[in-house]
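Peer 1: Line by line, the protein sequences give chains A and B.
Residue numbers 525 to 703, in my numbering, belong to the letters of the first sequence in order.
Residue numbers -11 to 610, in my numbering, belong to the letters of the second sequence in order.
Where is the CB? At the ideal position from N, CA and C, for every residue including glycine.
Owing to the predicted nature of the structure, the values given are computational and were not obtained by experimental measurement.
Can you read through this structure? Questions will come right after.
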Amino acid sequence: MLDFKQSYFELFGLPEKFDIDFTKLNEKFRELQAKYHPDRFVNGSDNERLVAVQTTGLINEANETLKSSRLRARYLLTLKGVDFDDEIDTTSDGAFLMHQMEIREALEEVSNEQDPLARIDDIAQEISGEADALKDDFVEQLELGNLDAAKEAVLKMKFFERLCQESKSITEKLEDELF
Amino acid sequence: MALFQISEPGQSAPLGEQEKFLAAGIDLGTTNSLVATVRDSGTAETVADEQGNSLLPSVVRYFEDGTTEIGTTAINAQLDNIGNTISSAKRLLGRAVEDIKTLGGSLPYKFANNDSSVPQMVTVAGNVTAIEVSAEILKTLKNRVEDELDGPLKGVVITVPAYFDDAQRQATKDAARLADLNVFRLLNEPTAAAVAYGLDHKEELDERIIAVYDLGGGTFDISILKLNKGVFEVMATGGDSALGGDDFDHAIAEWMLQESGSDLHHHAISEARRVKEALSDSEEVNVELADWQGTITRAQFDEMVAPLVKKTLLACRRALRDADLSKEQVHDVVMVGGSTRMPIIRQSVGEFFNKPPLVDIDPDKVVAIGAALQADVLAGNKPDEEMLLLDVIPLSLGLETYGGLVEKVIARNTTIPITRAQEFTTFKDDQTAMTVHILQGERETVEENRSLAKFALKGIPPMVAGAARIKVTFQVDADGLLNVEAEEETTGAKSNIEVKPSYGLSDNEIEGMIKDSMDNAQADMEARRLREQKVEADRTLEALDSAMKSDADTMLNDDEIKILLEARENLQNIKDNSEDSAEVKSAIKNMEKVAEFYVARRMDDNVKTAMQGQSVSDFADR
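Put into structure tokens, the structure is as follows:
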């Protein structure tokens, strides 16, 4: 039976840090699934099947968390005792919020541009560049032990996640119109 | 490896460890359903009925006495018996009464007007739900495969569309329970199709991306799967539930009506279907509508249906985007559904993905075949098989929060099974109870999503607003079915629910149906016995009549004739009026007993006649 107390990193045999080996994560994920998945227990007792559902539930949750850079960063903070709800907690960095609004406005203007697809590609690139810089910032602050600053970086990641989704859905709409 | 040895058909396997567990895969379709099983040879094949048809039309006809007729015979009766003949029940599986209003326009059934949460259709046999109709289809397939394999099934894999929500999956499982089937697993249809092609056994690549293009009679589905060392993941699904082969028929029919100036819609549709199928093999086909004649070329047809084809390709683009993939990254394209036989579809899909689609397996059978292969593995017939099929949930699950908004707890496309907890708190001071409202869908507000269930958590200790810690845990199992538990963490007050009552059937209702169906089965059996005994009675009466006609005057005196005729009248009477097979049976027995002397006398007479003119030696030689 799987040890439910170990951390997600321990579960996948990964060192507890932000940069992880995705190949190893994938391999270990499949290995654990192959061993604990409910399909392996279709002829087992009710209890065995329930344990299988709970175990793979944990494996999947751990995998989803480690796959996403924002959730992984947040989880690293949780392990260090910094727990927060990013649905409620938010950043109070005025300059950052102002910049977010500028990008948002640029996204809304895209359809009026001469070559909307080229323009949206530019914006998307800018967004992903800034998101990457935020990840570097998080790693640095975490290493320095500045947990508050690291938490601030995680809260900001959420904004970029939304911007990414938005630029993607605008791209989709533009492409569908041209198809 | 040698745990399960394959034995030649006819040659009985030695007792013990070589016994094969009987398992089957079932494709429960909107228009047609199929069952397949893995043969001793190791290949999966669909099982046909006595007439050799693998496809069982998903149509059930109800009779006044509660008996049913399923498949082709039911279809044939559909025109004159429309209200009592239910088709396309799959569209109603897991649907609420309110959903019927949006779907209902196109359905020819009368729905019962009562407070059942599950829509009921009115038939001469009483009200029936889509679950019961589906159970009839499953029972037919179960009997078919058990007759073929000569034994009871250990379990089955039933396929469902990848986009089926919690309620639709639950309804499918309920139907299986009514049909007395042990479900190993519900499997997504596109995954089954990929399994049928053995794509999980191709080793040359670490990771394969598979697109499954499924164009049926009335629905179109596109699914993007990722396969990695035997692990299947559904990455994205899309499609159009109101686009299918029927729309291609309509396109031809409209053209015919326009060209001919006729208004024979019904004839045009059936002629259009013939023309469409013929165009799959010929470049040009003659068309007839009443006294109008014309020809249509494949190029003309392709032009007519171009907008429909484009619609499917647009859905393919969206699904790829949802999966964050480009067309170039797709390794295999699998074709499913009878409508993918059209050359224009094969060609357009091939051009879109820039590779020829897989079409070797009959597109009508491919899903059932894949399900059979998976059922064989789950039954334990292939202990060395590594195949593991991971699915994702097709729609996000969430909770109602303040202001009628929905907070997502598990996002769509999350791999299942999954357990996830979310914390909430109270909004008012001294709040002691809280309603947990579970929703499924992608929208922001409660009204725009599908309500799955509501339950109350009571016994929260009075505290100031925001102080209570309420943990709501969602657990989704491998079939995509949800269980929710809420707990107040400071006191441990608990409440949980297996999600289904909002518009599914409760366990009590299911048990009631199982009991009814068992009663019905008994009634069915009695009805059959009665019919058999009455046929037997007719046979006895006829035999007596023909005997008496030929020799009553020579062999019987008046008293004997009177006795026989009395017994005859008694039997005729009971046969005409009785509803009890035992009564008919004993009347036949009585008749036979009364006629015993006559039968004996006739036998003697026959022997005498037979021996006349033959010497004893003739007999000795025999």
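With a Cβ-Cβ cutoff of 9 angstroms, do Gly675(B) and Thr420(B) count as a contact?
Peer 2: Any question about residue 675(B) goes unanswered here, given that chain B covers just -11 to 610.
Peer 1: Which same chain residues end up closer than 6 angstroms to Val219(B) when comparing Cβ atoms and leaving out the 5 residues on each side of it in sequence?
Peer 2: If we look at Val219(B) and ignore the five residues flanking it on each side, its Cβ neighbours are Leu376 and Leu378.
Peer 1: Looking at C-beta atoms only, is the number of pairs between the stretch 381 to 393 of chain B and the stretch 410 to 425 of chain B that lie closer than 8 angstroms three or more?
Peer 2: Output reads yes: the stretch 410 to 425 of chain B touches the stretch 381 to 393 of chain B.
Peer 1: Excluding sequence positions up to five away, which residues of its chain have a Cβ less than 7 angstroms from the Cβ of Lys682(A)?
Peer 2: Correct list, in chain order: Arg594 and Asp610.
Peer 1: Could you check where the beta strand (DSSP E) with Glu411(B) kicks off and where it finishes?
Peer 2: First-last of the beta strand (DSSP E) with Glu411(B): Ile406 to Phe412.
Peer 1: Ala586(A) to Lys214(B), Cα distance in whole Å?
Peer 2: Rounded to whole angstroms, Ala586(A) to Lys214(B) spans 20 angstroms at the Cα level.
Peer 1: Taking contact to mean at least 3 C-beta pairs separated by less than 8 angstroms, is the stretch 341 to 349 of chain B in contact with the stretch 242 to 253 of chain B?
Peer 2: Touching, no.
Peer 1: With a cut-off of 8 angstroms on the beta carbons, I'd call Leu296(B) and Ala239(B) a contact; round off their distance for me.
Peer 2: With a Cβ gap of about 7 angstroms, Leu296(B) and Ala239(B) count as contacting.
Peer 1: Counting only Cβ pairs nearer than 7 angstroms, list the residues of chain B close to Thr580(A).
Peer 2: Per Cβ cutoff of 7 angstroms: Pro405.
Peer 1: Check Ile544(A) in the structure and name its three-state DSSP category.
Peer 2: The answer is coil: DSSP assigns Ile544(A) none of H, G, I, E or B.
Peer 1: Give a yes or no on contact between the stretch 256 to 274 of chain B and the stretch 322 to 340 of chain B, applying the rule of three or more CB pairs nearer than 8 angstroms.
Peer 2: Yes: at least three Cβ pairs fall under 8 angstroms.
Peer 1: Kindly indicate the opening and closing residues of the beta strand (DSSP E) around Ala80(B).
Peer 2: Reading off the sequence shown, one finds Leu at residue 80(B), where the question assumed Ala. Taken as a continuous stretch (DSSP letters only), Leu80(B) belongs to no beta strand (DSSP E), as it is neither H nor E.
Peer 1: Mind pulling the chain B residues with CB within less than 7 angstroms of Glu585(A)?
Peer 2: Ordered by position in chain B, the residues that pass the 7 angstroms Cβ test against Glu585(A) are Ile406, Thr407 and Arg408.
Peer 1: Note down, in chain order, every chain B residue with its Cβ under 7 angstroms from the Cβ of Glu685(A).
Peer 2: Here the premise fails: no neighbours, minimum Cβ distance about 12 angstroms.
Peer 1: Taking all protein chains shown into account, do 16 or more other C-beta atoms lie within 10 angstroms of the C-beta of Lys659(A), making it buried, or fewer, making it exposed?
Peer 2: Answer is buried; the Cβ neighbour count reaches 16.
Peer 1: Cutting at 8 angstroms between CB atoms, please list the residues of its own chain near Asp188(B), excluding the five before and the five after it.
Peer 2: Here the set comprises Ala182, Leu215, Gly218, Phe220 and Met375.
Peer 1: May I ask whether a heavy atom of the ligand NAD can be found less than 8 angstroms away from the beta carbon of Val582(B)?
Peer 2: With respect to the ligand NAD, the structure shown offers nothing to examine, as it has no ligands at all.
Peer 1: DSSP state of Gln622(A), grouped into three classes?
Peer 2: Checking the sequence, you will find Met at residue 622(A) rather than Gln. Note: Met622(A) maps to helix in three-state DSSP.
Peer 1: Please state the DSSP three-state secondary structure of Arg556(B).
Peer 2: DSSP places Arg556(B) in helix when its eight states are reduced to three.
Peer 1: Take the Cβ of Glu272(B) as the centre, count every other Cβ of all protein chains shown within 10 Å, and call the residue buried at 16 or more, exposed below.
Peer 2: Glu272(B) comes out exposed.
Peer 1: Is there contact here, the stretch 142 to 157 of chain B with the stretch 100 to 108 of chain B, by at least three beta-carbon pairs under 8 angstroms?
Peer 2: Taking 8 angstroms as the limit for Cβ pairs, the verdict is that the stretch 100 to 108 of chain B does not touch the stretch 142 to 157 of chain B.
Peer 1: What would DSSP say about Phe341(B), mapped onto helix, strand or coil?
Peer 2: Correct three-state label for Phe341(B): helix.
Peer 1: Taking the CB atoms as reference points, tell me whether Thr695(A) and Asp656(A) lie closer together than 9 angstroms.
Peer 2: No, these two residues do not count as a Cβ contact at 9 angstroms.
Peer 1: Nearest-angstrom Cα distance between Glu242(B) and Ile58(B)?
Peer 2: If I take the Cα positions, the gap works out to 33 angstroms.
Peer 1: Of all the CB atoms in chain B, is at least one closer than 9 angstroms to the CB of Lys692(A)?
Peer 2: Yes, Lys692(A) lies at the interface with chain B (some Cβ there is under 9 angstroms from its Cβ).
Peer 1: Against chain B, which members of the stretch 561 to 578 of chain A pass a CB distance test of less than 7 angstroms?
Peer 2: The residues in question are His561, Pro562, Asp563, Val566, Asn567, Val577 and Gln578.
Peer 1: Would Lys8(B) be called buried (16 or more neighbouring beta carbons within 10 Å of its own) or exposed?
Peer 2: Answer is buried; the Cβ neighbour count reaches 16.
Peer 1: Roughly how far, in whole angstroms, is the beta-carbon of Asp202(B) from the beta-carbon of Glu177(B), given that I think they are within contact range, below 8 angstroms?
Peer 2: Between Glu177(B) and Asp202(B) the Cβ distance is about 7 angstroms, and since that is below 8 angstroms, they are a contact.
Peer 1: Which residue spans inside the stretch 151 to 217 of chain B form an unbroken alpha helix (DSSP H) run of at least 4?
Peer 2: Listed in chain order, they are 154 to 166 and 177 to 184.
Peer 1: Where Thr285(B) and Asn274(B) are concerned, what is the direct C-alpha to C-alpha distance, given to the nearest angstrom?
Peer 2: Computed Cα separation, rounded: 9 angstroms.
Peer 1: Specify the secondary structure class of Lys142(B) as computed by DSSP and reduced to three states.
Peer 2: Correct three-state label for Lys142(B): coil.
Peer 1: Using DSSP bridges, identify the partner residues of Tyr599(A).
Peer 2: Its beta-bridge partners do not exist; DSSP assigns none.
Peer 1: I'd like the list of long-range same chain contacts for Phe565(A), defined as Cβ closer than 6 angstroms, with 5 residues on each side in sequence excluded.
Peer 2: Within the same chain, Phe565(A) has close Cβ partners Glu572, Arg573 and Ala576.
Peer 1: Grouping DSSP H, G and I as helix and E and B as strand, with all else coil, what is Asp15(B)?
Peer 2: Strand at Asp15(B).
Peer 1: Check the Cβ-Cβ distances between Asp527(A) and every residue of chain B, and say whether any is below 9 angstroms.
Peer 2: By this cut-off, Asp527(A) is not an interface position.
Peer 1: Which residues bound the beta strand (DSSP E) around Asn41(B)?
Peer 2: Neither: Asn41(B) is in no beta strand (DSSP E) and is coded neither H nor E.
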